[in-house]
Amino acid sequence: MNKLAFGRELRLLTPEHYQNVFKQAHRAGSPHFTIIARNNSLSNPRLGLAVPKKQIKTAVGRNRFKRLTRESFRNTQHKLPNKDFVVIAKKSAQDLSNEEMFKLLDKLWLRLSRPSRG
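Mapped onto UniProt numbering, the consecutive letters of the sequence shown carry residue numbers 1 to 118.
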């Protein structure tokens, strides 16, 4: 049985980790959020979240976005390649239902899982 935990080893923890992802990254986006990915040398994918207060005003909205994104990542981590992912929220993300957000995240995880061209 696969372990579906979201432990410390699956998170981007330091500003350096985030900066590395933004260099030479692959992007997949929607009108609601953008996922940026970059290969890592580890044996597992890692997730980082960027939810600007300017985009999602309320703490409840920001926490909901982070909670749903982490849950989606946690459930699909075994299908993902060894990459670092950063999910950046946009203003319209707070208008999505939970189901819509999960579907959109799954679609973007799949798109970024494909081998990159070039």
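Even for Gly, the Cβ is constructed at its ideal location relative to N, Cα and C.
Residue i to residue j span [Cα, whole Å]
| i | j | result |
| --- | --- | --- |
| residue 47 | residue 85 | 5 Å |
| residue 56 | residue 93 | 8 Å |
| residue 18 | residue 96 | 26 Å |
| residue 60 | residue 70 | 15 Å |
| residue 99 | residue 106 | 11 Å |
| residue 24 | residue 58 | 32 Å |
| residue 102 | residue 54 | 23 Å |
Nearest candidate by alpha-carbon position, reference residue i, set the options
| i | options | result |
| --- | --- | --- |
| residue 34 | 111, 101, 90 | 90 |
| residue 79 | 112, 14, 104, 41 | 112 |
| residue 7 | 77, 105, 36 | 77 |
| residue 75 | 45, 14, 37 | 45 |
| residue 22 | 37, 14, 28 | 37 |
| residue 104 | 28, 43, 15 | 28 |
| residue 11 | 115, 73, 102 | 73 |
| residue 114 | 26, 20, 13 | 26 |
| residue 81 | 53, 101, 110, 102 | 110 |
Close Cβ partners of residue i (< 6 Å) along its chain, the five nearest in sequence each way excluded
| i | result |
| --- | --- |
| residue 39 | 83 |
7 Å Cβ shell around residue i - same chain, five flanking residues per side excluded
| i | result |
| --- | --- |
| residue 51 | 62, 65, 66, 89 |
| residue 49 | 66, 69, 87 |
| residue 9 | 44 |
| residue 32 | 90, 92, 93, 96, 104 |
Rounded Cβ spacing between residue i and residue j (contact assumed at less than 8 Å)
| i | j | result |
| --- | --- | --- |
| residue 30 | residue 108 | 7 Å |
DSSP bridge partner residues for residue i (one or two, in chain order)
| i | result |
| --- | --- |
| residue 26 | 37 |
| residue 53 | Looking at the DSSP assignment, residue 53 forms no beta bridge with any residue, so it has no partner. |
| residue 46 | 84 |
| residue 8 | Paired residues: none, contrary to the question. |
C-beta neighbour in chain C for residue i, strict 7 Å
| i | result |
| --- | --- |
| residue 112 | This model lacks chain C altogether, as it is built from one protein chain only. |
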